[in-house]
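Each residue of the sequence shown is one higher than the last, beginning at 136 in this note's numbering.
First up is the structure itself, then whatever we jot down about it.
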Amino acid sequence: MTGETPRLTLDFLIGMLKQVIEQNSSRDSRKITSATWGPETLLEDTGFNSYDFVEMIFKLEDHFDIEIDYNANNNINDVKTIGELYNEILKLLANKQAA
Numbered sequence: 136m137t138g139e140t141p142r143l144t145l146d147f148l149i150g151m152l153k154q155v156i157e158q159n160s161s162r163d164s165r166k167i168t169s170a171t172w173g174p175e176t177l178l179e180d181t182g183f184n185s186y187d188f189v190e191m192i193f194k195l196e197d198h199f200d201i202e203i204d205y206n207a208n209n210n211i212n213d214v215k216t217i218g219e220l221y222n223e224i225l226k227l228l229a230n231k232q233a234a
């Protein structure tokens with residue numbers, strides 16, 4: 136690895152979301168495949184839940200070597216759509232690069 140921070144794309148994030156949701160054995164896979172996956176998609180429409188949120192945070196932290204503080208006072212907890220989650224992660228990556 137070159138030490139360069141991996142780049143986040145919307146497609147990559149959607150792939151991670153699908154992977155997290157699919158790894159939960161209690162999931163209805165039909166909901167995953169029937170959901171429209173785009174920036175305006177509500178996370179709840181994909182079957183994404185609070186357990187998945189925590190798993191997603193861990194995956195993003197590991198992959199991008201960032202720390203995501205997801206206490207009740209942070210914007211990350213207010214995301215409702217895939218696009219909002221994407222934008223919040225982009226902000227964290229930009230802050231890391233600026234540091």
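Backbone N, C-alpha and C fix where the C-beta goes; we use that ideal spot for every residue, glycine too.
Where residue i falls: helix, strand or coil (DSSP)
| i | result |
| --- | --- |
| THR137 | The predicted position of THR137 is uncertain, since its pLDDT is 47 and thus under 50; a value taken from the coordinates is nonetheless stated next. Coil. |
| THR181 | helix |
| ILE192 | helix |
| TYR186 | helix |
Within 8 Å, strictly: CB atoms of residue i and residue j
| i | j | result |
| --- | --- | --- |
| ILE149 | LEU195 | no |
| GLU190 | VAL214 | no |
Limits of the alpha helix (DSSP H) - the one that residue i falls within
| i | result |
| --- | --- |
| VAL155 | 145–158 |
| ILE224 | 217–233 |
Cβ separation of residue i and residue j, assumed to be a contact under 8 Å, to the nearest whole Å
| i | j | result |
| --- | --- | --- |
| LEU143 | LEU228 | 6 Å |
| TYR186 | ASN209 | Incorrect: roughly 19 Å between the Cβ atoms, too far for contact. |
Between the segment 199–213 and the segment 171–184, do three or more beta carbon pairs fall short of 8 Å?
Flag = no, the segment 199–213 and the segment 171–184 do not touch.
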